[in-house]
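For the sequence shown, position 123 (counting from the first letter as 1) is numbered 130 according to this note's numbering, and the numbering increases by one without interruption.
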Amino acid sequence: MSNERKQSDPDFRQLRVVSLESRRADDMVRLIEKNNGVPFVSPSMKEVPLENNQPSVDLAHRITTGEVDIVIFMTGVGFKHFVEAVKSHVPTDKLIAALSDIITIARGPKPVAAMKEFGLSASIKVPEPNTWRELLETVDEFCQISQQHIAIQEYGKPNASLVAGLEARGAKVTPVRVYR
């Protein structure tokens, strides 16, 4: 196979190309360089963990004492921030053991990967495109949530539609923010 460029391939002609990417920044650099551009890659936003996150600590205690039936992890970085935020209050191994005893729902591949780093497998994985709609459809298919206490690890801002959908199915819902 030839390394020559096809006429239809993009060519940035040494233009400076800006990409607002954080998670796949290295891939973007390679892609821009491959297409004859000069990459400038920077994140457009950064997740900042909440300091002194008492709601996360309270949730961890409720998980380890059996007061929570289901936890929904919306993001991988949120799962990691949650574990980090509570580790000085609840030992990580105790939290992971408690999570392995209840239903855990991962909203997509990133929370699945983050959970796997701690030796935890999601009980239920939401299919693409991983929106709150698919999450509710997946819940309907795989578990009964009426009278169940569900905690949601939020990402950034609350998802009122998801909370309303879970409550309409009879669940008691506790949303917990771990980063902004």
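Backbone N, C-alpha and C define an ideal beta-carbon position, used for all residues, glycine too.
- The criterion of a C-beta distance shorter than 9 Å is not satisfied by ILE103 and ILE131.
- When DSSP reads this structure, VAL25 sits in a beta bridge with PHE47.
- DSSP places VAL185 outside any alpha helix (DSSP H), giving it a letter other than H or E.
- With distances taken between CA atoms, TYR186 lies nearest to ILE159 out of LEU173, VAL25, GLU40, ILE159.
- Residue pairing for THR99: DSSP places it in no beta bridge.
- For VAL45, same chain residues with a beta-carbon under 8 Å away, outside a window of 5 residues either side, are PHE19, GLN21, LEU22, ARG23, VAL24, ILE39 in chain order.
- Here GLY73 is near ALA105, since their CB atoms are less than 9 Å apart.
- For the options LYS101, VAL78, GLU28, the alpha carbon positioned closest to that of PHE47 is the one of GLU28.
- GLY126 and ASP16 have their C-alpha atoms some 42 Å from each other.
- Across the structure, PRO116 and PRO62 are spaced so that their CA atoms are roughly 25 Å apart.
- Taken through DSSP and simplified to helix, strand or coil, GLU74 comes out as coil.
- Selection PHE89, ILE152, LYS94, ARG140 evaluated against TYR162 yields PHE89 as nearest (Cα-Cα).
- In this chain, the beta strand (DSSP E) harbouring ALA113 covers 110-113.
- As the crow flies, the alpha-carbon of GLY172 is around 23 Å from that of ARG69.
- Per DSSP, GLU124 is one residue of the alpha helix (DSSP H) stretching across 116-124.
- Rounded to the nearest whole angstrom, the CA to CA distance from VAL64 to LEU169 is 23 Å.
- Per DSSP, the unbroken beta strand (DSSP E) holding ILE159 starts and ends at 156-161.
- Shown here for ILE110: same chain residues with a beta carbon closer than 8 Å to its own, the five before and five after excluded, namely ASP76, ILE77, VAL78, SER130, ILE131, CYS150 in chain order.
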